Amino acid sequence: MPEQSDNSPITKILTDLRSGGDEAFEVLFPLVYDELRKIAGSYFRGERSGHTLQPTALVHEAFLKLSKQNSIDFESRTHFFGVAARLMREILIDHARRHNSQKRGGEHRTRITLDPSSGFGESKQLDVLAVDEALTALEELDDRQARIVEMKFFAGLNVEEIASLMNISPATVKREWSSARLFLSRMLTDQY
Amino acid sequence: MDRERWQQVKQILEDAIEVPTEDRSEFVANACGDDAELKTEVDSLLSESIAAEALESNAFEHVEPTEDKLLNTQIGKYRLIKLIGTGGMGRVYLAERADGAFEQKVALKLIRRGLDSKEIQRRFVTERQILASLVHPNIAHLIDGGTTEDGLPFLVMEYVEGTPLISYADANSLGLEQRLDLFREVCSAVSFAHQKLVIHRDLKPQNVLITNDGKAKLLDFGIAKLVKTEGTETRTQTFAFTPDYASPEQIRGENLSTSTDIYSLGVILYELLTGSRPFKFEDKNIGEIIATSSNTTPAAPSITLQRSKVKDQRPLNADLDNIVLKALQKEPERRYASVEQFSDDISRYLKGLPVSARPDTWSYRAEKFARRNPWFVGTIVLAFLFLIGGIATTAYQARKANIEREKAEARFNDVRALANSFMFEINEEIMRSPVKARELLVARALEYLDKLAAESAGNIELKSELASAYEKIGEVQSELFRPFAGKTSEATLSQQKALRLRQEINTEDPTPEHLMNVAVSHQKVGNVLLTSGKIGEARDNYSRSVDLLRSLAATDTKNTEARRQLARSYATLGQSIVRSGSLSDALSNYESSLAIFRELASEDPENNRARRSVGIVVSYIGFVKKEMGRTQEAFADYEQWLAIEKELVTRDPNNIEFRHDLSSSHTWNGVLLAEMGNIPEAQQNFREAINIQTAIMSADKESVGVAYSLADCHLEFGKAMARNKLLDIAIEQLSLALDSYRTIWQKDKENLLMRHRIANAQRFLGDAYFQKNDLRRANENYEQAHAVFLEITKFDPLNLDWQQDLAMTYTRLGEVALKKNDRAAANASFNAALPIFENLAAAVPDNAKHREDLANIRSLLSN
């Protein structure tokens, strides 16, 4: 039987979230997490195209799907992306952790590698686990910056999107990001 | 570090980043004062760059796919040794021959997406054969390819060990001449491929490897296309190329020629010389990317180099600037005509000879692109553009290339099928996209159809497909662009192209079916002509259609479709005659139409469509009778119409269209009742119409069409009440209409139709206030309506209805001035209206309303 869309749990949770309850946040986690992980899984398995531009697409896809099933209204959107960014971080870290343990028996790989092997892999590879650690260190120092990094690096949102989510100006986001990324970069290369 | 310290560090750090590099150390020194530790900290962070750049990407690029079961397995004849790269298209493995026939290391590219259909598989194979023929010392050779057991396509390519072009040049500190020499080597490879009619489509420094012995090798020739043409997954469609290096036409998804590679080579040369690219699209959305790449002229390389941090400034002179900028021209035809010419110009520069590239002239810049509107294109629209782009290129190649005829034909057929399905299936998506995007889509599709049409000689099947496509696109054009007569005339053109094809088909192979298609095509041409106010021409087409169908229906009385079409043609002929003023002629055509529709409905009582047609024609008849002053008869017709619509809704309660018709029927009953002075019943009908629309709307909140019909109900209600001097209700309803139109317009500001509706509502509001003697408000509304009408008529001078609206508004402004006893101002307004009415009367001599308006304005002026 189809769900009564008005009373669907997710809309209620998002509404509670808007009125600012941390509890709601906790409840929302598993729902969104599930959906994101499902979609992310298909990316990891290479079933989807376009590996490179995808976190935003993924988050948007999850949003579309959840909103179709649960009729999330438009204002809940921003809340959704805030939650999703945090979850994307968890999912990716989780994935990387499992991947590493499978491949190297749990040994940590180098934090940053340059991949000169051919023209196909053109960019420097980062270890997302190391990024996560560095980000945790940044969290200790500046929570807002950590949120920005989360949304940008883990959920692939752009400066404007982040600005509107956090209710600050794009210029501020850019500034915060500029110093945050230097901080992280140093953390990542220190032991290299 | 603690939180407070970090805030301190951060502040200085962020400020320092905004200071030009050369002033940074001084700035930091000043900002830190005598806190040496702080300065060390900031300096250390500022010097970070290795991972900082990588952080600009996103996490997804740094996670690897789940356990790679493929390693050490065999694909085709090859065993996978290790993963050497991943990208948008898929994964690349280093592999070797498994059968040990000979020792050969290869790069095996496993494409992520499956080949969904036989057709696409076949095209994949054809393309691969073409690419395999590209044998050149500077091109990484395509060796083999196929599909895995899971249906994933793979390509096997020569394995190249080397360094990407720019990293190589920088690592070896190559000087200007060496860089240019290397670049010319790349040019020779691209030129070779172009002679074989293969376009690379994704040239970038990462695809140009320099081997240990200093030779350039190009990777991935033609691969972008091979992968792109499989695109069926639309929602997450991304570029199959790298936007920073892509030509504007490629970014817009247009037809590509070899010139797109020339552009990309230009970007590579730019980067090779200056260390940076003309544009960086990272973080930009597709709208911004399109706008920038289409409209922004890049800075000259010499200027970019001066601004850059590159230490050894290479001596770039104006000639070199001109060469690079010529390759980077927005329009393909302004670039070098061939890679060879591009390369030659560089050679001339190296020899100190004059080069052919010249700087842009002012007049050229001035004429460049009026299309400055940044707009957002949904991914589906984007996918459409890509598809059409791909198709058109295939068609182009099929025509031009010296591939065997058979192959060419196969490609051509694929293209045709795809185009057709796209034309029809994507229609709804087009309807939902913004006006700008629609325009682009339609233009693209037309370009493509015209190309095919040029090749359709002697092929009846293709002609008939093309005719359908033109009809379809004509419908899209008139549906989407109804308010732009400029566009309706384009719609007319499409319908006329369809008609011409239908006529050719019928001449080559005269059958009743082909003849009927001609007749129906005349009808469609008539429809667009009528919408754009070309009443006489419309009438000629309808008459022709009636003649043809009458003969068809007479020879074969069982031909129901011919009779149905005949009934429609009679009805449309009637409509064109109403517009030219001869009501009794119109009436007799409507009656002929009605008689046939009634027959059809009684032959097939279950057929709701036939019943609906009866209702519609009855409403036309009611309308004509109302205009003729036969009000009682008209009223009977309208009641009958209403009864039919009610019956249809009962028969099929879920049919939104029927509900919509019922609402219209209530509205027009309301209008008539109000004219008859029966205000209570009129109001009842209007309210009922509004209720129905409101209910439809609550079921379909997204639909702009519904919101717009509801607003139209309010508008008609308001107009009717204003005529009956129920001014407060009128003002209330008209204001509701105005607000709704404004809300709709807010969502799509390019929508001229909505602007027109807004102005119209204001004009009638003005009338209501005028009658209330509130001259200030009347004038205010007329003024605003006038401004809009003036603007939109300038935008589209061919739309006669808008001309009429403008002239009417001038008349009203004049009347307000008269009431204020300002004769001079009144005359000024009347004089502005006069030439417009004169033009209208001359343009459409058979329109009675125009003649009346003209007489009226003349009398106002002579009073």
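Heads up: the protein sequence lines correspond to chains L and W, in order.
For the record, in the first sequence the residue sitting at position 187 is 187 according to my numbering, with numbers rising by one throughout.
Every position in the second sequence, counted from 1, becomes a number in my numbering once 1000 is added.
From the three backbone atoms N, C-alpha and C, an ideal C-beta is built for every residue, glycine too.
All values derive from a computational prediction rather than experimental measurement.
Distance, residue j Cα to residue i Cα
{"i": "N1863(W)", "j": "N1821(W)", "result": "13 Å"}
{"i": "P1483(W)", "j": "F1623(W)", "result": "Below a pLDDT of 50, predicted positions are generally treated as unreliable, and P1483(W), at 44, falls in that range; the measurement from the model is reported next regardless. So the alpha carbons of these two residues sit roughly 24 Å apart."}
{"i": "F1281(W)", "j": "Y1741(W)", "result": "37 Å"}
{"i": "R1563(W)", "j": "T1555(W)", "result": "11 Å"}
{"i": "W1006(W)", "j": "F154(L)", "result": "23 Å"}
{"i": "S1592(W)", "j": "S1619(W)", "result": "14 Å"}
{"i": "G1076(W)", "j": "M1157(W)", "result": "13 Å"}
{"i": "S1664(W)", "j": "K1204(W)", "result": "59 Å"}
{"i": "L1501(W)", "j": "F1658(W)", "result": "35 Å"}
{"i": "A1545(W)", "j": "R1091(W)", "result": "It is Ser, not Ala, that sits at residue 1545(W) in the sequence shown. Distance between the alpha carbons of S1545(W) and R1091(W) is about 59 Å."}
{"i": "R144(L)", "j": "E1161(W)", "result": "44 Å"}
{"i": "L157(L)", "j": "G82(L)", "result": "10 Å"}
{"i": "G1526(W)", "j": "K1463(W)", "result": "21 Å"}
{"i": "I1139(W)", "j": "D1220(W)", "result": "9 Å"}
{"i": "I1262(W)", "j": "L1083(W)", "result": "32 Å"}
{"i": "R1348(W)", "j": "L141(L)", "result": "59 Å"}
{"i": "I168(L)", "j": "M187(L)", "result": "27 Å"}
{"i": "Q1195(W)", "j": "L1273(W)", "result": "27 Å"}
{"i": "R1184(W)", "j": "N1072(W)", "result": "39 Å"}
Neighbour flag for residue i against chain W, beta carbons, 9 Å
{"i": "G156(L)", "result": "yes"}
{"i": "M88(L)", "result": "yes"}
{"i": "L184(L)", "result": "yes"}
{"i": "S179(L)", "result": "yes"}
{"i": "R175(L)", "result": "yes"}
{"i": "L165(L)", "result": "no"}
{"i": "T189(L)", "result": "yes"}
Same chain, Cβ closer than 6 Å to residue i, neighbours up to 5 away in sequence not counted
{"i": "V1788(W)", "result": "R1755, A1759"}
{"i": "A1013(W)", "result": "For clarity, residue 1013(W) is Leu in the given sequence; the question names Ala instead. For L1013(W), where only same-chain residues beyond five positions count, the Cβ hits under 6 Å are V1042, L1045."}
{"i": "E139(L)", "result": "A146"}
{"i": "G1474(W)", "result": "A1491, S1494, Q1495"}
{"i": "N1589(W)", "result": "Y1570, L1573, G1574"}
{"i": "L1726(W)", "result": "none"}
{"i": "L1860(W)", "result": "F1830"}
Contact with chain L by residue i, beta-carbon distance below 9 Å
{"i": "S1698(W)", "result": "no"}
{"i": "I1403(W)", "result": "Its pLDDT being 41, under 50, I1403(W) is placed unreliably by the model, and the measurement read from it follows with that caveat. No - not a single Cβ of chain L is within 9 Å of the one on I1403(W)."}
{"i": "H1946(W)", "result": "Outside the shown range of chain W, which is 1001 to 1863, sits residue 1946(W), and nothing can be said about it."}
{"i": "L1046(W)", "result": "yes"}
{"i": "A1031(W)", "result": "no"}
{"i": "A1189(W)", "result": "no"}
{"i": "I1017(W)", "result": "yes"}
{"i": "N1138(W)", "result": "no"}
{"i": "Q1746(W)", "result": "no"}
{"i": "K1057(W)", "result": "Contrary to the premise, residue 1057(W) reads as Ser rather than Lys in this sequence. Yes, S1057(W) counts as interfacial toward chain L."}
{"i": "D1002(W)", "result": "yes"}
{"i": "V1009(W)", "result": "yes"}
{"i": "L1265(W)", "result": "no"}
{"i": "A1193(W)", "result": "no"}
Per DSSP, cross-strand counterpart(s) of residue i
{"i": "D1144(W)", "result": "V1156(W)"}
{"i": "G1162(W)", "result": "T1211(W)"}
{"i": "Y1078(W)", "result": "I1075(W), R1097(W)"}
{"i": "K1217(W)", "result": "L1209(W)"}
{"i": "I1139(W)", "result": "L1218(W)"}
Same chain only: Cβ atoms within 7 Å of residue i, ignoring 5 sequence neighbours per side
{"i": "A1761(W)", "result": "L1715, L1734, A1737, L1738, Y1741"}
{"i": "E1688(W)", "result": "H1666"}
{"i": "L1529(W)", "result": "T1492, E1537, A1538, N1541"}
{"i": "G1766(W)", "result": "A1778, N1781, Y1782, A1785, R1812"}
Beta-carbon contacts of residue i that lie in its chain and below 8 Å, excluding the five residues immediately before and after
{"i": "D1728(W)", "result": "none"}
Is it a yes or a no for the segment 1208-1216 of chain W touching the segment 1164-1181 of chain W, going by three-plus beta-carbon pairs under 8 Å? The segment 1208-1216 of chain W and the segment 1164-1181 of chain W touch, with no fewer than 3 CB-CB distances between them shorter than 8 Å.
Check whether the segment 1146-1160 of chain W touches the segment 1176-1196 of chain W, counting contact only when three or more Cβ pairs, one atom from each stretch, lie closer than 8 Å. Output reads no: the segment 1176-1196 of chain W does not touch the segment 1146-1160 of chain W.
Would the segment 1127-1134 of chain W count as touching the segment 1095-1106 of chain W if we require 3 or more Cβ pairs under 8 Å? With fewer than three CB-CB distances shorter than 8 Å, the segment 1127-1134 of chain W does not count as touching the segment 1095-1106 of chain W.
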